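S.K.: Per our numbering, residue 44 is the first one in the sequence shown, and the count goes up by one each step.
Positions of the beta carbon are idealized from the N, C-alpha and C atoms, including for glycine.
In this text, all values refer to a predicted model and were calculated from it rather than measured experimentally.
Take this structure, written in structure tokens, and hold onto it; I'll ask about it next.
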Amino acid sequence: MTLYRAQVLDTPDDPFRGGALRADADAGLLVVDGMIAERGPYADVRREHRDETVVDLGGGLLLPGLVDTHVHYPQMRAIGALGMPLLEWLDRCALPEEAKLADVGYAREVAGEFVASLVDSGTTTALVFGSHFAPAVDVLFERAGERGLRVTCGLVVGDRLLRPELHTTPQRAYDEGRELARRWHQRGRSRYAVTPRFSLSCTDELLAACAALRDDIAGCWFTSHINENPAEIAKVQELFGCGYLDSYDRHGLVGPRSVFAHNVHPSDAELKLLAAKGATVAHCPTSNAALGSGLFPLDRHLAFGVHVALGCDVGAGTGFCLFKEGLQAYFLQQLRGPEGVPLTAAHLLHLATSAGAAGLGLRDQIGDLEVGKRFDAMWLDPRPGSPLAIGLRHAGGPDDALAKAFALATADDVRGVWIDGERVKG
Ligand SMILES: [Zn+2]
44 MTLYRAQVLD TPDDPFRGGA LRADADAGLL VVDGMIAERG PYADVRREHR
94 DETVVDLGGG LLLPGLVDTH VHYPQMRAIG ALGMPLLEWL DRCALPEEAK
144 LADVGYAREV AGEFVASLVD SGTTTALVFG SHFAPAVDVL FERAGERGLR
194 VTCGLVVGDR LLRPELHTTP QRAYDEGREL ARRWHQRGRS RYAVTPRFSL
244 SCTDELLAAC AALRDDIAGC WFTSHINENP AEIAKVQELF GCGYLDSYDR
294 HGLVGPRSVF AHNVHPSDAE LKLLAAKGAT VAHCPTSNAA LGSGLFPLDR
344 HLAFGVHVAL GCDVGAGTGF CLFKEGLQAY FLQQLRGPEG VPLTAAHLLH
394 LATSAGAAGL GLRDQIGDLE VGKRFDAMWL DPRPGSPLAI GLRHAGGPDD
444 ALAKAFALAT ADDVRGVWID GERVKG
């Protein structure tokens with residue numbers, strides 16, 4: 044048992060549905076076997092547990108561990124290539140790098156860098172686009188397990204319009220996915236996600252194989268891309284003769300365990316269907332800005348009741364820090380003028396924590412720091428004298444402090460990270 048003393052901020056109630064930031068200036072969290080067993084004013088919890096070890100996290104903010112719902116492990120070393128739209132960026136930057144993961148030694152290095160970068164940024168749970176090569180997916184699960192990261196990942200598949208060495212066949216996609224899931228699905232904190240790259244790179248036969256695989260792995264997840272860029276959307280329409288979401292839906296791939304990245308240019312019918320099926324959209328704002336993909340219509344997602352969470356989308360996204368993604372999400376809405384949704388710091392924390400947990404079906408375990416949840420947490424404690432430290436010291440209240448965190452925090456300000464009560468950073 045460990046008693047943590049900290050200023051705790053979290054969003055147990057969705058701020059898009061009237062919830063507010065929950066803030067406890069001096070909270071005590073008693074953690075037993077990785078689970079939050081008690082929470083209350085520190086003095087009260089301490090009085091009941093005089094002999095427990097106290098970890099004093101004074102001077103900063105204790106937040107729920109961050110949840111990233113869209114990030115590409117093989118693109119670790121491709122971050123920062125600017126000045127191209129999606130399809131050119133894929134051909135010139137992302138896919139050549141992804142091809143290098145055919146070498147499992149190379150993949151192992153990249154997997155180590157990738158998992159460390161997530162954890163250092165305070166991310167404790169991630170839905171990860173794996174590699175096109177099964178041995179490279181194995182090493183990602185291995186590294187995540189070693190570091191303790193809560194990860195959902197799978198083999199990325201495509202059978203057209205990529206580089207030839209990245210192409211698979213429907214049968215091979217099924218067989219390799221089945222074997223990976225046998226090794227990793229629901230083992231420790233790992234789960235498997237069936238992951239066609241995007242329907243642009245998949246024949247109907249391959250998407251059918253993905254559906255069969257998803258049906259044959261109990262409790263597995265599904266993730267892919269959708270409606271990111273106008274040229275891409277036009278090509279999908281041409282190839283399938285239907286809308287982007289329909290290219291997945293006609294194989295039964297849209298459901299409550301489906302997460303679609305981007306959705307910058309959806310039709311009303313697609314938003315209606317996403318909401319009806321309970322699917323999640325991973326909003327990736329730095330990626331959308333870097334590739335010039337467009338301004339995410341959050342207002343329409345909210346109006347139709349589509350669940351939205353946040354993803355960093357490395358390597359088109361410009362880093363692993365979900366504070367930066369939250370800030371960029373805020374910027375994008377500001378730039379949309381009257382159609383923009385004015386986002387508060389509480390909205391941003393929700394998108395980066397509880398919304399992601401819900402999208403990944405983990406809301407009963409993580410996403411806030413309530414009694415009964417796993418102790419997945421991150422401690423922001425900036426260097427004295429840094430702009431963030433000064434900002435936090437002079438903040439007008441918890442909402443203001445949190446806004447300053449989103450404006451200024453980087454991985455360097457994350458002093459501690461815990462997953463299941465186990466300290467994995469600091
Ligand atoms: Zn992506």
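(1) According to the neighbour-count rule (16 or more other Cβ atoms, all chains shown, within 10 Å of its Cβ), is T323 buried or exposed?
(2) Can you tell which of Y47, S164 and P441 has the C-alpha that lies nearest to the C-alpha of R74?
(3) Alpha carbons only, please: which of F241, D258 and D247 is nearest the one belonging to I276?
(4) Using three-state DSSP, classify L386 as helix, strand or coil.
(5) Would H344 pass as a contact of A372 if the rule is Cβ separation under 8 angstroms?
(6) Counting only runs that start and end within the stretch 303–364, where is the alpha helix (DSSP H) found for 4 or more residues in a row?
(7) If I follow the unbroken beta strand (DSSP E) through V171, where does it start and stop?
(8) Just confirm the distance between the C-beta atoms of G415 and I79, as a whole number of angstroms; I'd bet it's less than 8 angstroms.
(9) At least one CB of chain D closer than 8 angstroms to the CB of L353: is that the case?
(10) Three Cβ pairs or more, each shorter than 8 angstroms: is that satisfied between the stretch 422–429 and the stretch 446–458?
(11) Shortest alpha-carbon distance to G399 belongs to which of L243, L282 and R300?
(12) Which value, in whole angstroms, describes the spacing of the CA atoms of S18 and A66?
(13) Taking all protein chains shown into account, do 16 or more other C-beta atoms lie within 10 angstroms of the C-beta of T195, making it buried, or fewer, making it exposed?
(14) Going residue by residue through the stretch 262–291, where are the continuous beta strand (DSSP E) segments of at least 3 residues, counting only ones entirely within it?
(15) Pick helix, strand or coil for E95, following the three-state DSSP scheme.
(16) DSSP three-state label for K367, please.
(17) In angstroms, rounded to a whole number, what distance separates the CA positions of A216 and L249?
(18) Strictly by DSSP, which residues pair up with I9?
M.R.: In brief:
(1) Within the sequence shown, the letter at position 280 stands for residue 323. Buried, since its Cβ has 16 or more Cβ neighbours within 10 Å.
(2) Against the sequence shown, residue 74 aligns to sequence position 31. Note that residue 74 is Val in the sequence shown, not Arg. Closest in alpha carbon position to V74, among Y47, S164 and P441, is Y47.
(3) Taking the sequence shown and counting its residues from 1, the one referred to as residue 276 is at position 233. Closest by alpha carbon: F241.
(4) Start at 1 with the first residue of the sequence shown, and residue 386 comes out as number 343. Reduced to three states, the DSSP call for L386 is coil.
(5) Working through the sequence shown from its first residue, we reach residue 344 at position 301. Working through the sequence shown from its first residue, we reach residue 372 at position 329. Against a cut-off of 8 angstroms, the Cβ pair of A372 and H344 comes out as no contact.
(6) 311–320, 328–333 and 341–347
(7) Counting from 1 along the sequence shown, the entry for residue 171 is found at position 128. Taken as a continuous stretch (DSSP letters only), the beta strand (DSSP E) holding V171 covers T166 to F172.
(8) Residue 415 sits at position 372 when you count from the first residue of the sequence shown. Residue 79 sits at position 36 when you count from the first residue of the sequence shown. About 7 angstroms; that satisfies the 8 angstroms criterion.
(9) No chain D is part of this structure, which consists of one protein chain only.
(10) yes
(11) For this step, residue 399 is matched to residue 356 along the sequence shown. For G399, the nearest C-alpha among the options comes from R300.
(12) The requested residue 18 is not part of the displayed model; the chain covers only 44 to 469.
(13) Start at 1 with the first residue of the sequence shown, and residue 195 comes out as number 152. T195 comes out buried.
(14) 264–269
(15) Walking along the sequence shown from the start, residue 95 turns up at place 52. Looking at E95 - three-state DSSP - the assignment turns out to be coil, as it is neither helix nor strand.
(16) If you number the sequence shown from 1, residue 367 lands on position 324. Helix, per DSSP.
(17) Locating residue 216 in the sequence shown gives position 173, where the first residue counts as 1. Locating residue 249 in the sequence shown gives position 206, where the first residue counts as 1. About 8 angstroms.
(18) Residue 9 lies beyond the range of the chain shown here (44 to 469); nothing can be said about it.
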